[in-house]
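I have placed the structure first, in the form of structure tokens, so that the comments after it can refer back to it.
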Ligand code: CA
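Numbering (my numbering), first residue to last: 161 to 398.
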């Protein structure tokens, strides 16, 4: 584990798990310049020890590690780590992205990516995480024109109360718990309908369009409940 000291007032602590020296250097330079504090690990085993010992704010994890599949590291981390996990991968297959998200990753970056994209993803992940922590404390989630009071099960859009069925509410609530992240179709089906229904993609289509009719200004062009083509859905947060 390499501890890269930042300035005394440096920002969030990022654990970077990457075994390729060139990529490591790029991440180190980019993140340090932008005032993040850094911890570095080069294997999955080291990453897990490091995360447990130092409790980073964000984990940036390469999927292709020398000692174990990065996907396993995501699963193991997710059993206790609640902060954002961003997966970095050279693989282009959609199935890897879906697998990583299913395992609990918040977002993915496909190599090669630029400085701007990296920093934007880290910022968004941190912002979503902070917003969700605040929402959990206050029992109220708000983004744009949507406001959801979890304690009272009240949903308002543009100031008007909206009546949702219990399943619609559960679907919305699940998207809110993952606000800003892509959630795969299977993950939504598992969390809302249960393990036995993970293949019933049509449930999701039916309920998603019902939710859009109730929450979106123009359900045909959703601004809030976004489709991530071939992957799943994302609740847009601003
Ligand atoms: Ca690698």
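Each residue gets a CB set at the ideal place from its N, CA and C atoms; glycine is no exception.
Asked: Residue 222 burial status per 10 Å Cβ neighbour count (16 or more: buried); Found: buried
Asked: Cross-strand partners of residue 321 (DSSP beta bridge); Found: 316
Asked: Sheet register partners of residue 284 (DSSP bridge); Found: In the DSSP output, where bridge partners are listed per residue, residue 284 has none listed.
Asked: Where the alpha helix (DSSP H) through residue 363 begins and ends; Found: 361-375
Asked: For residue 205, the nearest candidate out of 191, 229, 195 (CA to CA); Found: 229
Asked: Reduced DSSP category for residue 267 - H, G, I as helix; E, B as strand; rest coil; Found: strand
Asked: Given 8 Å, three or more beta-carbon pairs between the stretch 331-341 and the stretch 274-288; Found: yes
Asked: Close beta carbons around residue 358, own chain, < 8 Å, minus the five adjacent residues each side; Found: 346, 349, 350
Asked: Which of helix, strand or coil DSSP assigns to residue 392; Found: strand
Asked: The stretch 298-311 / the stretch 235-245 touching (three or more Cβ pairs under 8 Å); Found: no
Asked: Segment limits, beta strand (DSSP E) that includes residue 197; Found: 197-201
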